[in-house]
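Residue numbers (our numbering): 3 to 153.
Dropping the structure here:
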């Protein structure tokens, strides 16, 4: 499905982490540096990770985590507050554990190719229900988003 995600103001943090499974490191750093700021979450609050490498990597994965907020806040050592631009994405939302995620990526890529789209910039995942909300992987809700342009 093609949709537009509007411009949004977010707390952002870029890091290189050992492996994809270590994503909690980047979220921990974001929380640590903003915990005393009393951030007001946007409504809805989007929590996402953009994968900046452009391809799968076994290690040293560069990513940017972002969380949409209301208000204005000073940057910290690692967290930068900025407006992210509107983006058109091919999107697919699924419920279940992250072990299924590569199949969902493949399905979205196949749909893009079949419908005349190509990636325009690095893809990202929006975590609607994540380990922050539940420890049951069957309850996770993840939205896969590939920014696209027509071929």
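Cβ atoms here follow ideal geometry from the backbone N, Cα and C, with glycine treated the same way. None of the values given here were measured: they were computed from a predicted structure.
- DSSP places residue 60 in the coil class of the three-state scheme, outside both helix and strand.
- Between residue 91 and residue 147, the CB-CB gap stays under 8 angstroms.
- Taking residue 27 as the centre and dropping the five residues before and after it, the same chain places the C-beta of 19 closer than 6 angstroms to its C-beta, in chain order.
- According to the DSSP assignment, residue 144 belongs to no alpha helix (DSSP H) but to the beta strand (DSSP E) extending over 143-152.
- Across the structure, residue 151 and residue 122 are spaced so that their CA atoms are roughly 6 angstroms apart.
- In the three-state reduction of the DSSP assignment, residue 129 falls in the strand class.
- If you draw a straight line from the Cα of residue 51 to the Cα of residue 103, it comes to about 14 angstroms.
- Annotation for residue 14: the continuous beta strand (DSSP E) segment containing it runs 10-19.
- Put simply, the backbone Cα of residue 132 is about 7 angstroms away from that of residue 143.
- By the criterion of at least three beta-carbon pairs nearer than 8 angstroms, the region 31-40 is in contact with the region 68-80.
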